[in-house]
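Q:
In the working numbering, the protein residues as written are 196 to 750.
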């Protein structure tokens with residue numbers, strides 16, 4: 196006869212077995228088949244071997260849950276996963292390592308007909324964050340960051356990926372092979388740095404890529420290979436190495452801004468349909484290999500601007516602050532009401548036609564004209580030429596890696612002013628090295644951002660001052676003066692880089708005497724070519740020490 200205590204022990208063993216094999220989890224270490232609910236009260240969970248949602252099963256993940264994956268593990272979904280977080284309480288999929296690195300874990304794999312929802316999720320440090328299959332899948336309002344690859348869309352699937360931030364994935368933001376995703380209203384930024392692929396790669400795909408901001412990526416913003424059925428619609432593609440590349444792809448490209456990349460649109464073996472785009476401002480080729488007549492101004496559009504036969508224009512889009520990753524259009528932009536009046540992206544239109552590019556209904560007049568922003572001796576200084584309805588400036592700070600700006604102070608504005616106004620803010624002692632920006636706010640709540648200012652504190656007595664004048668206008672014969680202080684005699688190298696980190700000019704001085712010194716840049720390359728207007732960085736290096744500041748060049 197078994198006593199009561201023995202029965203209790205047996206019951207506990209049976210209960211633990213059921214919990215481990217039904218997914219009604221109450222433990223922190225997970226592996227194997229799983230279903231049921233992952234609750235925040237038991238979070239964080241550590242995945243010690245692959246966890247699998249079997250076909251026919253469903254896994255629910257509550258807001259606020261964090262899943263930490265050990266090396267080489269992942270989440271495999273053959274059934275359904277419903278991971279729906281909240282804006283203020285997201286669901287996190289990340290590495291379990293003490294020091295996280297891209298590729299620590301394998302990622303989230305939707306196999307065969309596996310599907311579900313990833314909403315308000317943060318997915319980082321995986322080999323590929325999300326691999327999609329044939330099942331119905333919605334990925335929405337999620338951050339896909341610091342992975343080797345953001346998405347792999349495969350198996351002829353049609354996932355919907357919208358309102359996401361796809362950032363800092365070192366090889367590619369998204370690779371699409373034999374699949375047809377709908378990719379819309381996303382920010383695709385700072386991907387492919389060090390990788391061999393592009394921000395978005397389409398191969399044998401009929402994807403729809405619409406209403407996205409695709410900027411500051413290495414290689415191409417969008418790279419199409421044998422993807423003639425793809426639709427590239429209503430995007431702003433800027434500050435990439437190349438805007439769009441096409442190989443054997445007769446895609447439809449409509450209502451896009453392709454501007455300020457190194458090269459614009461490059462095609463090989465392709466006859467794409469280009470209509471109502473704006474292509475402008477490339478240091479290399481504006482376009483090559485496109486259909487005959489592209490760029491030949493033969494008519495005017497509804498605004499009266501010169502256009503080619505496809506109503507493509509080739510004008511400065513007049514972004515508000517592209518160096519600050521703010522690609523909204525100024526009120527006088529030629530892109531406003533210049534898109535296809537048939538409105539293929541079905542955006543909300545208040546004018547006669549959609550605006551070209553990602554931002555509709557966001558044209559702005561600059562309320563405050565900021566003419567200088569600098570750092571000296573632990574103090575931020577800035578100057579406005581004019582102000583209108585200016586409530587004030589929030590000072591925002593991020594570390595040297597630029598991840599996550601935080602508010603560290605506020606300086607009231609001067610309302611409306613037509614004369615020069617000067618401001619200063621004394622930085623806290625523990626916030627004097629890193630990235631800074633100003634968030635200017637009007638009394639009616641409208642906001643705008645300054646350029647980002649990088650500050651690195653002087654090392655061992657070496658000092659680098661803000662250039663003067665800043666901003667400066669080439670062609671005046673004087674250039675901009677860059678002053679620095681040497682604690683001892685030294686060889687000095689001064690270099691100028693553009694916003695993408697490309698070297699445009701350098702000068703070397705041997706055995707400069709200790710004390711105050713000065714070098715001058717005239718706004719040209721070493722070969723004497725005038726560089727475009729924009730933000731540049733100047734870097735001073737000597738004896739293993741290095742300091743860097745930002746300058747602004749006007750035309």
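Backbone N, C-alpha and C fix where the C-beta goes; we use that ideal spot for every residue, glycine too.
Anyone know if the C-beta pair for residue 568 and residue 646 falls short of 8 Å?
A: The residue given as residue 568 occupies position 373 in the chain shown. The residue given as residue 646 occupies position 451 in the chain shown. Yes, they are a contact pair.
Q: Say whether the stretch 603 to 623 touches the stretch 584 to 593, bearing in mind that this needs 3 or more beta-carbon pairs closer than 8 Å, one atom from each stretch.
A: Yes: the two stretches touch, three or more of their Cβ pairs being nearer than 8 Å.
Q: Measuring CB atoms only, is the stretch 370 to 380 touching the stretch 347 to 354, in the sense that at least three cross pairs come out at less than 8 Å?
A: Flag = yes, the stretch 370 to 380 and the stretch 347 to 354 touch.
Q: Applying the criterion that 16 or more other CB atoms from any shown protein chain within 10 Å of the CB defines a buried residue, is residue 462 buried or exposed?
A: Position 267 of the chain shown, counted from the start, is the residue given in the question as residue 462. Under this definition residue 462 is a buried residue.
Q: Does the distance from the CB of residue 384 to the CB of residue 362 come in under 8 Å?
A: Position 189 of the chain shown, counting from 1, holds the residue named residue 384. Position 167 of the chain shown, counting from 1, holds the residue named residue 362. Contact flag set, yes.
Q: Check whether the stretch 472 to 484 touches the stretch 443 to 461, taking contact to mean three or more Cβ pairs, one atom from each stretch, closer than 8 Å.
A: With the cut-off at 8 Å, the stretch 472 to 484 and the stretch 443 to 461 touch.
Q: Rounded to a whole number of angstroms, what is the C-alpha to C-alpha distance between residue 710 and residue 679?
A: Your numbering for residue 710 matches position 515 in the chain shown. Your numbering for residue 679 matches position 484 in the chain shown. Spanning the two alpha carbons is a distance of roughly 8 Å.
Q: How big is the Cα-Cα spacing for residue 559 and residue 640?
A: Stepping through the chain shown from its first residue, residue 559 is reached at position 364. Stepping through the chain shown from its first residue, residue 640 is reached at position 445. Confidence in residue 559 is poor, its pLDDT being 46 and thus under 50, which makes the residue's placement unreliable; the coordinate value appears in the next sentence. Looking at the two C-alpha atoms, the distance is approximately 13 Å.
Q: Among the residues of its own chain, which have a CB less than 8 Å from the CB of residue 327, if the five just before and after it don't count?
A: Along the chain shown, read from residue 1 onward, the residue named residue 327 stands at position 132. Same-chain partners within the cutoff: 305, 346, 347, 348, 349, 350, 352, 354, 374 and 376.
Q: Only counting the same chain, and skipping five residues up and downstream in sequence, which positions put a Cβ closer than 6 Å to that of residue 602?
A: The sequence position of residue 602 within the chain shown is 407, counting from 1. Excluding residues within five positions, the ones whose Cβ falls inside 6 Å are 589 and 591.
Q: Considering only residues of the stretch 613 to 683, which uninterrupted beta strand (DSSP E) runs meet the minimum length of 3 residues and lie entirely inside it, listed in chain order?
A: Listed in chain order, the complete beta strand (DSSP E) runs (minimum 3 residues) inside the stretch 613 to 683 are 616 to 621, 629 to 637, 642 to 644, 648 to 650 and 675 to 681.
Q: May I ask you to list the residues that DSSP assigns as paired with residue 321?
A: Looking up residue 321 in the chain shown gives position 126. Answer is 300, bridged to residue 321.
Q: For residue 280, which three-state DSSP category applies?
A: Translated into positions along the chain shown, residue 280 becomes position 85. In the structure shown, residue 280 sits in coil (DSSP, three-state: anything other than H, G, I, E or B).
Q: With DSSP as the reference, label residue 239 as helix, strand or coil.
A: One-based indexing of the chain shown puts residue 239 at position 44. Reduced to three states, the DSSP call for residue 239 is coil.
Q: Using 10 angstroms around the beta-carbon of residue 623, count the other beta-carbons present and answer buried if the total reaches 16, otherwise exposed.
A: Along the chain shown, one-based indexing puts residue 623 at 428. Classification for residue 623: exposed.
Q: Quick one: what does DSSP say residue 517 is sitting in, helix, strand or coil?
A: Translated into positions along the chain shown, residue 517 becomes position 322. If DSSP states are grouped into helix, strand and coil, residue 517 belongs with the helices.
Q: Write down the C-beta distance between residue 746 and residue 642 rounded to the nearest angstrom, noting that I regard them as a contact closer than 8 Å.
A: Within the chain shown, the letter at position 551 stands for residue 746. Within the chain shown, the letter at position 447 stands for residue 642. Contact flag wrong, Cβ pair sits at about 25 Å.
Q: Which residues in the same chain have their Cβ closer than 7 Å to the Cβ of residue 388, if we skip the five residues on either side of it in sequence?
A: The count along the chain shown starts at 1 and reaches residue 388 at position 193. Excluding sequence neighbours, residue 388 sits near 365 and 413.
Q: Which one or two residues does DSSP pair with residue 294 in a beta bridge?
A: Mapped onto the chain shown, residue 294 falls at position 99. Answer by DSSP bridge pairing: none, since residue 294 is not bridged.
Q: Taking all protein chains shown into account, do 16 or more other C-beta atoms lie within 10 angstroms of the C-beta of residue 224, making it buried, or fewer, making it exposed?
A: Reading the chain shown from its first residue, position 29 is the one you call residue 224. Exposed, by the Cβ-count rule.
Q: May I ask which residues mark the beginning and end of the beta strand (DSSP E) holding residue 693?
A: Position 498 of the chain shown, counting from 1, holds the residue named residue 693. Note, residue 693: beta strand (DSSP E), 685 to 693.
Q: Between which two residues does the beta strand (DSSP E) harbouring residue 541 extend?
A: Taking the first residue of the chain shown as 1, we reach residue 541 at position 346. Segment: none, residue 541 is in no beta strand (DSSP E) and carries neither H nor E.
Q: Using a 10 Å radius around the Cβ and a threshold of 16 neighbouring Cβ atoms, would you call residue 557 buried or exposed?
A: In the chain shown, counting from the first residue as 1, residue 557 sits at position 362. Caution applies to residue 557, whose pLDDT of 49 falls short of 50 and renders its modelled position unreliable; the model cannot decide the point.
Q: Which same chain residues end up closer than 8 Å to residue 594 when comparing Cβ atoms and leaving out the 5 residues on each side of it in sequence?
A: Residue mapping note: residue 594 aligns to position 399 of the chain shown, counting from 1. Answer for residue 594: 629 and 630, listed in chain order.
Q: Per DSSP, residue 415 is paired with what?
A: For the purposes of this step, residue 415 is identified with residue 220 of the chain shown, where counting begins at 1. Answer by DSSP bridge pairing, in chain order: 437.
Q: Using 10 angstroms around the beta-carbon of residue 715, count the other beta-carbons present and answer buried if the total reaches 16, otherwise exposed.
A: Here residue 715 is taken as the residue at index 520 of the chain shown, counted from 1. Exposed, by the Cβ-count rule.
Q: CB residue 470 to CB residue 499, shorter than 8 Å?
A: Here residue 470 corresponds to residue number 275 of the chain shown, with the count starting at 1. Here residue 499 corresponds to residue number 304 of the chain shown, with the count starting at 1. No, these two residues do not count as a Cβ contact at 8 Å.
Q: Taking buried to mean at least 16 other C-beta atoms within 10 Å of its own C-beta, is residue 614 buried or exposed?
A: On the chain shown, position 419 is the one that residue 614 refers to. So residue 614 counts as exposed.
Q: Kindly identify the DSSP beta-bridge partner or partners of residue 316.
A: One-based indexing of the chain shown puts residue 316 at position 121. Residue 316 is bridged to 286.
Q: Any idea if residue 356 is buried or exposed, counting beta-carbon neighbours within 10 angstroms, 16 or more meaning buried?
A: For the purposes of this step, residue 356 is taken as residue 161 along the chain shown, with counting starting at 1. Classification for residue 356: buried.
Q: For my contact list, residue 245 and residue 268 are in at a C-beta cut-off of 8 Å; report their separation, rounded to the angstrom.
A: Looking up residue 245 in the chain shown gives position 50. Looking up residue 268 in the chain shown gives position 73. Confirmed, Cβ separation roughly 6 Å.
Q: Which residues in the same chain as residue 263 place their Cβ atom closer than 8 Å to its Cβ, once the five residues preceding and following it in sequence are excluded?
A: Residue mapping note: residue 263 aligns to position 68 of the chain shown, counting from 1. Only 239, 240, 241, 242, 289, 290 and 291 meet the Cβ criterion.
Q: Given residue 702, which residues of its chain have a CB within under 7 Å of its CB, disregarding the five upstream and five downstream residues?
A: Here residue 702 refers to the residue found at position 507 when the chain shown is read from its first residue. Only 689 and 714 meet the Cβ criterion.
Q: For residue 619, count neighbouring C-beta atoms within 10 Å of its own C-beta (all shown protein chains included) and say buried if the count is 16 or more, exposed if not.
A: For this step, residue 619 is matched to residue 424 along the chain shown. Result: exposed.
Q: In terms of residue numbering, what span does the beta strand (DSSP E) encompassing residue 732 cover?
A: Indexing the chain shown from 1 puts residue 732 at position 537. It spans 729 to 737 - the beta strand (DSSP E) in which residue 732 sits, taken as one unbroken run.
Q: Looking at the structure shown, is residue 216 part of a helix, part of a strand, or coil, going by DSSP?
A: Here residue 216 corresponds to residue number 21 of the chain shown, with the count starting at 1. Note that residue 216 has pLDDT 42, beneath the 50 cutoff, so the model's placement of it is unreliable and the number below is only indicative. Reduced to three states, the DSSP call for residue 216 is helix.
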